[in-house]
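Student: Going down the list, the protein sequences come from chains U and Z. Just add 6 to the spot in the first sequence (first one is 1) and you have this note's numbering. Just add 248 to the spot in the second sequence (first one is 1) and you have this note's numbering. Sharing a structure, written as structure tokens. Questions coming.
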Amino acid sequence: DAKTTQPPSMDCAEGRAANLPCNHSTISGNEYVYWYRQIHSQGPQYIIHGLKNNETNEMASLIITEDRKSSTLILPHATLRDTAVYYCIVRGDRGSTLGRLYFGRGTQLTVWP
Amino acid sequence: GAVVSQHPSRVICKSGTSVKIECRSLDFQATTMFWYRQFPKKSLMLMATSNEGSKATYEQGVEKDKFLINHASLTLSTLTVTSAHPEDSSFYICSALLAGSYNEQFFGPGTRLTVL
């Protein structure tokens, strides 16, 4: 079962920052927060992941609260091509759960020109 | 990033026939692959974990005799939908696990199955 809660949809103007929230209040100490996105009729694409520290890569930044119960994915300068469904996933990386991803409903981000 | 391919990308078949979908990791070896299905406007649902050289592990509610998984090599997993029916029509997506410090998972482009 998905252990995350996300708003079903968000809008963002092109060129502005898109901030996508995610609640994961039942996250365990050894579980990571992963973000993927899926453009219509394609396979999901990895964006970023983190454990407790904030992370940044060429695609996005991930801000995780100190209590790890929520996080925010930030796309600093959204473009039309960022329109997609964004999934926040909590994932264990040990033992029998290694690699398994349980997708929630995600957030449909629409970037407007 | 690593590349995962799926074949075919689209398939239309008659009810009662079996359909095989291939998932390949093109530039890395994957001891673990995963199969998902996705209905229109719904999220991805994990069906099974495919382990090279051993039996697949199916998620609760997924019929193992209906969805046969074979992971015969480190770069290939196959999903066979046996005796397909219209309700099996869906988007099937595979992913491959790149073992390492982050255990990153790479997804294929998906296969659209339509059963008439």
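Note that CB positions come from ideal geometry on N, CA and C, so glycine has one too. On a predicted model such as this, the values are computed, not experimentally measured, just so you know.
Provide the residue span of the beta strand (DSSP E) that contains U:ARG111, from first to last.
Tutor: From DSSP, U:ARG111 is part of no beta strand (DSSP E); its letter is neither H nor E.
Student: Where does Z:PHE282 land, buried or exposed, given buried means 16+ other C-beta within 10 angstroms?
Tutor: By the 10 Å Cβ count, Z:PHE282 comes out buried.
Student: Quick one: which chain Z residues come within Cβ less than 7 Å of U:GLY49?
Tutor: Those within 7 Å of U:GLY49 in chain Z are ILE341, PHE355, GLY356, PRO357, GLY358.
Student: Using a 10 Å radius around the Cβ and a threshold of 16 neighbouring Cβ atoms, would you call Z:THR265 buried or exposed?
Tutor: Result: exposed.
Student: How many Å lie between Z:LEU294 and U:ASN60 at the Cα?
Tutor: Each residue's alpha carbon lies about 28 Å from the other.
Student: Helix, strand or coil for U:HIS17 per DSSP?
Tutor: Position check: residue 17 of chain U holds Asp in this sequence, whereas His was assumed. The answer is strand: DSSP assigns U:ASP17 an E or B state.
Student: When you compare the CB of Z:TYR306 with every CB in chain U, is at least one pair closer than 9 Å?
Tutor: Output row for Z:TYR306: interface = no.
Student: Going along the chain, which residues of its own chain have a beta-carbon closer than 8 Å to the beta-carbon of Z:SER331, five neighbours each way excluded?
Tutor: Result list for Z:SER331: GLY264, THR265, SER266, LYS314, in chain order.
Student: Could you give the uninterrupted runs of the beta strand (DSSP E) lying entirely in the stretch 329-353 of chain Z, keeping only those of 3 residues or more?
Tutor: Entirely contained in the stretch 329-353 of chain Z, the beta strand (DSSP E) runs reaching 3 residues are, in chain order, 338-346.
Student: Output the distance between the C-alpha atoms of Z:LYS268 and Z:TYR284, rounded to the nearest integer angstrom.
Tutor: Computed Cα separation, rounded: 14 Å.
Student: Going by DSSP in three states, Z:LEU322 sits in which element: helix, strand or coil?
Tutor: Looking at Z:LEU322 - three-state DSSP - the assignment turns out to be coil, as it is neither helix nor strand.
Student: Identify whether Z:LEU292 lies in helix, strand or coil by the three-state DSSP scheme.
Tutor: Of the three classes helix, strand and coil, the one that applies to Z:LEU292 here is strand, per DSSP.
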